[in-house]
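Student:
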Amino acid sequence: MAKYSPELKAEIISKYNQGMATSIQLAREYNLNSRVVRSWIQTYRLQGKIRHSRNKRIFDTDFKLAVIDYYQTHEVTIAEVAARF
1 MAKYSPELKA
11 EIISKYNQGM
21 ATSIQLAREY
31 NLNSRVVRSW
41 IQTYRLQGKI
51 RHSRNKRIFD
61 TDFKLAVIDY
71 YQTHEVTIAE
81 VAARF
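Counting from 1, position 9 in the sequence shown corresponds to residue 9 in my numbering; the numbering is continuous, with no gaps.
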């Protein structure tokens, strides 16, 4: 999976938020998959920040249970849960 700089993500999200282009147009302009662009936008909306590329992480049991509990007690999609955590 390719890793993209926070600066690139910020540029794309900024253009989207300013109404300069749709997520599909931005994906084409930057030669990215539109799902990638939409996930960056969604993460930014939920967290108010741009995520840096992550290395493989190990999650403890309590964290995993908290994620499962959140999913089961809120009417959200898996993608929304992933963006939140």
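Note that the Cβ used here is the ideal one computed from N, Cα and C, for glycine as well.
Here the structure is a predicted model, which is why all the values come from computation and not from measurement.
Going by the beta-carbon positions, is the gap between residue 4 and residue 32 smaller than 9 Å?
Tutor: In contact: residue 4 and residue 32 (Cβ atoms closer than 9 Å).
Student: For residue 41 and residue 70, I'd like the C-alpha separation in whole angstroms.
Tutor: Cα-Cα distance, rounded: 21 Å.
Student: Count the other CB atoms within 10 Å of the CB of residue 66; is the residue buried (16 or more) or exposed (fewer)?
Tutor: So residue 66 ends up on the exposed side.
Student: Give the secondary structure of residue 11 by DSSP, where H, G and I count as helix, E and B as strand, and everything else as coil.
Tutor: Helix.
Student: Nearest-angstrom Cα distance between residue 13 and residue 61?
Tutor: So the alpha carbons of these two residues sit roughly 33 Å apart.
Student: Does residue 30 come out as helix, strand or coil in the three-state DSSP assignment?
Tutor: DSSP places residue 30 in coil when its eight states are reduced to three.
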